[in-house]
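Chains as they are written, first to last, in the working numbering: chain G, 1 to 228; chain X, 1001 to 1462. Okay, so here's the structure we're looking at.
The following block contains the structure:
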């Protein structure tokens, strides 16, 4: 399933009325790899959350395929995310007391019973594809790079066509970050997944098809990286 | 409906009530968790917040356990005291307080009482409906054991004939209660008085001789007797345990008590070696209480009426006096039950507050679930199940704590009163616990609902 993105007049204001995000237009084709950069507080993560439908006060239009995300209620947006959007966070956000497979197949817990075995099998396959063969091991014993791989496996186990990543390499050392970027990019390219990644990491941004620069909540630049 | 309920056996009623009390919690659980099995996630939550969770379980266990233990203990005490009075159908004493006479006769508590005269006793003993009329003579002791003078037939009645050794055949022989630390063959001299007020020298000694050697100390006071035994008594038998304060008593012929106090021994001089009834009214020095067993149950009522006489005697049923006491205790019990309920309510409120705080701890995990697309009902079910597991674990542990508390309290009370108390938690406590579980589980729907109101982004950034 491919989901083109069309954003129009996306705005978000703080409770005091300050404009936090102002994006007149943005489009992305299915399978595109898009990087978002900008200074701290520029609104990168806010944009990512808006694209995921996590912001209740966002105005305008965020359309994924035929679905106008902002017209849905919070439950409808959650249902849409469960099927279509995988998410990766800077600090992994795993359940430390659980094993890698339990973490990677977490979304199976709230899927219909008939879909659970398949999702769990895919989670195991994604873990193996990312080099994690000991799926039962508790994630507390994993390195930072391994934990982020578990998070990627979790995001991709549902075969969502869109992957939103917030600083996926920020908690990793250079060597681990490079390996993770290789694996992540290879995986999304293979699956045809749209990847939108907020990052300060030039090594990751260089692998993207496009890089957006956000300043003061607005789009300052939309570029193709030199080495893309 | 009421008629059907009343026809059910007590056990069926108890089980039905338990089910009815638990049903709302069960139905809530089924409805909330329908279609979901968030157990791996719960494992994660419990692993992460293990100490907070353990503290909660402990708080619930201790508070519910104390309530259960106290209620069970109160019931056990009532049963124990009722059982202790079981062998005392009717007591006749000099006019005064029935409660004092009851405590003195049944529970062997030291007290000052008037005396029933020889004439009154003769009238009681001679009544055609009286099968046993046993005088009880208190006031002496040996160590912590009260020494009670009575008759052999009362001893047989009290012990149901289960005596190791033999009954007394001489004035200076004793049968000891099951818990008295004197072996058969041991000899001792009782002290006058009980407890701190006891005078060991009054009857010529106050010590025991396990070897059974002769002693010649002490005299019997103003009157002399042919069978002078120097105030020393030999243990010849031991009663089987009765679960009453009489297990720590030393029973001797009432004649001996009178003799050592320098009084006539209940028999005319030409028959003064006799043991037990009939007694001669002229030589009967008086007795604080007479325990009566009637030929027929109905006759007890007639005897009570007959021997309730102004200024002479009072007759009462120990069971009836205890019932009056239980009525007072019943108010206390109701107060205790109310306190237990209020306590459970407060605990439920504390647990609820605690759960609100605890759910704040996994705010981030909840936000993650929502970000990954978890439906609200799944998040709600997970948080509620977390609370439910804590409550169930705490309540089950509370049952164990209550059991233990009741057992410890029983031992303490038994040691202090010598009344055998069995205070295992019963249906009342199970119903209380079931009510608490249901109430708490329904209340814990609130924090589960409140969690859903937390903004996802705030949780992710927390």
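Quick reminder that beta carbons are idealized off the backbone N, C-alpha and C, glycines included. In this text, all values refer to a predicted model and were calculated from it rather than measured experimentally.
- Between the beta-carbon of residue 1379 of chain X and that of residue 1447 of chain X there is about 12 Å, and that puts the pair past the 8 Å contact cut.
- Residue contact check for residue 215 of chain G against chain X: no CB pair falls below 7 Å.
- Runs of alpha helix (DSSP H) with 4 or more residues, each lying fully within the stretch 129 to 167 of chain G, are found at 144 to 157, listed in chain order.
- The C-alpha of residue 1428 of chain X is placed about 38 Å away from the C-alpha of residue 1290 of chain X.
- Residue 110 of chain G reaches chain X at 1036, 1374, 1375, 1378, counting residues in chain order whose Cβ is nearer than 7 Å.
- A direct Cα-to-Cα measurement between residue 1076 of chain X and residue 1422 of chain X gives close to 5 Å.
- For residue 75 of chain G, the uninterrupted alpha helix (DSSP H) segment begins and ends at 74 to 84.
- In the three-state reduction of the DSSP assignment, residue 217 of chain G falls in the coil class, being assigned neither a helical nor a strand state.
- Contact with chain G is found for residue 1456 of chain X, since one of that chain's Cβ atoms lies less than 7 Å from the residue's Cβ.
- Around the Cβ of residue 1150 of chain X, a 10 Å sphere holds 16 or more other Cβ atoms; the residue is buried.
- For residue 81 of chain G, the chain X residues whose C-beta falls within less than 8 Å of its own C-beta are 1371, 1372, 1373, listed in chain order.
- Counting along the chain, no beta strand (DSSP E) covers residue 4 of chain G, and no H or E run does either.
- Using a CB distance below 9 Å, the part of the stretch 50 to 81 of chain G facing chain X consists of 52, 54, 55, 56, 74, 75, 77, 78, 79, 80, 81, ordered along the chain.
- When DSSP reads this structure, residue 59 of chain G sits in a beta bridge with G:11.
- Considering only beta carbons, the part of the stretch 1019 to 1048 of chain X lying closer than 9 Å to chain G consists of 1035, 1036, 1037, 1038, 1039, 1040, 1041, 1043, 1044, 1045, 1046, 1047, 1048, in chain order.
- Rounded to whole angstroms, the gap between the alpha carbons of residue 47 of chain G and residue 94 of chain G is 23 Å.
- Contact of residue 1368 of chain X with chain G by beta-carbon distance below 7 Å involves 93.
- Taking the C-beta atoms as reference points, residue 163 of chain G is found no nearer than 7 Å to residue 217 of chain G.
- In the three-state reduction of the DSSP assignment, residue 1133 of chain X falls in the strand class.
- Residues of the same chain with a CB within less than 7 Å of the CB of residue 1179 of chain X, apart from the 5 flanking positions on each side, are 1247, 1248 in chain order.
- Taking a beta-carbon distance threshold of 7 Å, residue 134 of chain G does not count as an interface residue toward chain X.
- The Cβ atoms of residue 157 of chain G and residue 116 of chain G lie no closer than 7 Å to each other.
- Every alpha helix (DSSP H) of 4 residues or more that sits fully in the stretch 1096 to 1146 of chain X is shown, in chain order, as 1098 to 1105, 1118 to 1125.
- In this structure, the alpha-carbon of residue 1190 of chain X lies about 46 Å from that of residue 1399 of chain X.
- Residue pairing by DSSP places residue 223 of chain G opposite G:211 in a beta bridge.
- Pairing residue 80 of chain G with residue 1373 of chain X, the inter-Cα distance amounts to about 7 Å.
- Here residue 1084 of chain X is near residue 1106 of chain X, since their CB atoms are less than 7 Å apart.
- Taking a Cβ-Cβ cut-off of 9 Å, the neighbours of residue 102 of chain G in chain X comprise 1040, 1041, 1043, 1044, given in sequence order.
- With its beta carbon at least 7 Å from every one in chain X, residue 19 of chain G lies outside the interface.
- Cβ atoms of residue 225 of chain G and residue 204 of chain G stay farther apart than 8 Å, at about 10 Å.
- In this structure, the CA atom of residue 1442 of chain X is about 55 Å from the CA atom of residue 1304 of chain X.
- Beta-bridge pairing by DSSP links residue 64 of chain G to G:5, G:67.
- The shortest C-alpha to C-alpha distance from residue 1426 of chain X to any of X:1451, X:1061, X:1437, X:1010 is the one to X:1010.
- With respect to the 7 Å criterion, residue 130 of chain G and residue 149 of chain G are classified as neighbours on the basis of their beta carbons.
- Counting along the chain, the unbroken alpha helix (DSSP H) around residue 1441 of chain X starts and ends at 1427 to 1443.
- One finds 1043, 1044, 1047, 1048 in chain X with Cβ atoms closer than 7 Å to the Cβ of residue 97 of chain G, taken in chain order.
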